[in-house]
Amino acid sequence: MKFLLIENDQPNEKNTIVFKLHVQCKRGSPRITVKSDALKWLPNGSELVKETRNATSDSSSKPETYTYFCCSQETIPEFVKNPIIPKYPDIIIAKLGPGQEIELEAYAVKGIRKTHAKWSPVATAWYRMLPEVVLLEDIEDDLAEELKSKCPVNLFDIEDLGKVGSVLCDSADRFCFICFSM
Numbered sequence: 009m010k011f012l013l014i015e016n017d018q019p020n021e022k023n024t025i026v027f028k029l030h031v032q033c034k035r036g037s038p039r040i041t042v043k044s045d046a047l048k049w050l051p052n053g054s055e056l057v058k059e060t061r062n063a064t065s066d067s068s069s070k071p072e073t074y075t076y077f078c079c080s081q082e083t084i085p086e087f088v089k090n091p092i093i094p095k096y097p098d099i100i101i102a103k104l105g106p107g108q109e110i111e112l113e114a115y116a117v118k119g120i121r122k123t124h125a126k127w128s129p130v131a132t133a134w135y136r137m138l139p140e141v142v143l144l145e146d147i148e149d150d151l152a153e154e155l156k157s158k159c160p161v162n163l164f165d166i167e168d169l170g171k172v173g174s175v176l177c178d179s180a181d182r183f184c185f186i187c188f189s190m
């Protein structure tokens, strides 16, 4: 199958390959190294559901995701006997310390130089990591103070909740350089 490239096209089974990564290092465990073999192909497209502000959406309809696959990539003849996997399974993606977790979807998108310089074999291209720090649960009181004190760039603030105690909140995640001191 030839992957098609149409400018401003939505991510679909003909122009996008989706991988998922979900790893965590439990508290009290030694650091773990996450390698590219932990990436799992999602032949049906994105599994992340878009957040909608409309609470009255029809629960019987398929939830909206970040890709628009009308069929599974597993049905494409080239992939029936050769599922998509990373070419090099031993590339280090990250090293996680105790209590750290990564959950992401990675999109491989076909592109050409006309669209963006990053697809040009001779272009100068650069990137800057823009991490987004999301606290999935409230981190309170002593644990919040401990985490705040360990961050070298003062990424977190402590919000005082009065009699209830205090809770950690992220304040300036664009300054985070993903240190491993936490």
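Taking our numbering, the leading residue of the sequence shown gets 9, the next gets one more, and so forth. Positions of the beta carbon are idealized from the N, C-alpha and C atoms, including for glycine.
Under 8 Å between C-beta atoms of residue i and residue j
i     : j      : result
Val42 : Val26  : no
Asp45 : Pro91  : no
Thr24 : Ala116 : yes
Leu56 : Tyr74  : yes
Three-state class that DSSP yields for residue i in the structure shown
i      : result
Glu72  : coil
Gln195 : In the structure displayed, the chain extends from 9 to 190; residue 195 sits before or after that span and is not available.
Leu163 : coil
Val142 : coil
Thr24  : strand
Thr41  : strand
Residue i classed as buried or exposed, judged by whether at least 16 other C-beta atoms fall within 10 angstroms
i      : result
Gln108 : buried
Lys171 : Interpretation of Lys171 is limited by its pLDDT of 49, a score under 50 that renders its predicted location unreliable; the figure taken from the coordinates is listed afterwards. Exposed: under 16 other Cβ atoms inside 10 Å.
Ile147 : buried
Gln81  : buried
Leu47  : buried
Thr83  : exposed
Ser157 : exposed
Cys78  : exposed
Glu72  : exposed
Gly53  : buried
Leu112 : exposed
Inter-residue Cα distance where the pair is residue i and residue j
i      : j      : result
Gly173 : Val161 : Residue placement at Gly173 is flagged as unreliable, the pLDDT there being 47, under the threshold of 50; a coordinate-derived value is accordingly withheld.
Pro106 : Asp150 : 17 Å
Ile166 : Arg35  : 22 Å
Ile101 : Leu144 : 22 Å
Phe39  : Cys159 : A quick correction: the sequence has Arg, not Phe, at residue 39. One C-alpha to the other measures close to 18 Å.
Asp17  : Pro94  : 25 Å
Glu59  : Glu154 : 32 Å
Ala152 : Phe164 : 9 Å
Ile110 : Pro129 : 31 Å
Tyr76  : Lys118 : 16 Å
Lys89  : Glu21  : 17 Å
Val2   : Ser37  : No answer is possible for residue 2: it lies beyond the span of the chain, which begins at 9 and ends at 190.
Lys103 : Leu29  : 13 Å
Residue range of the unbroken alpha helix (DSSP H) whose run includes residue i
i      : result
Lys158 : Asp149 to Lys158
Pro85  : Pro85 to Val88
Boundaries (first-last residue) of the beta strand (DSSP E) holding residue i
i      : result
Glu113 : Glu109 to Val117
Lys103 : Ile100 to Leu104
Chain B within 8 Å of residue i, Cβ atoms only
i      : result
Gly105 : In the structure shown, chain B does not exist; there is a single protein chain.
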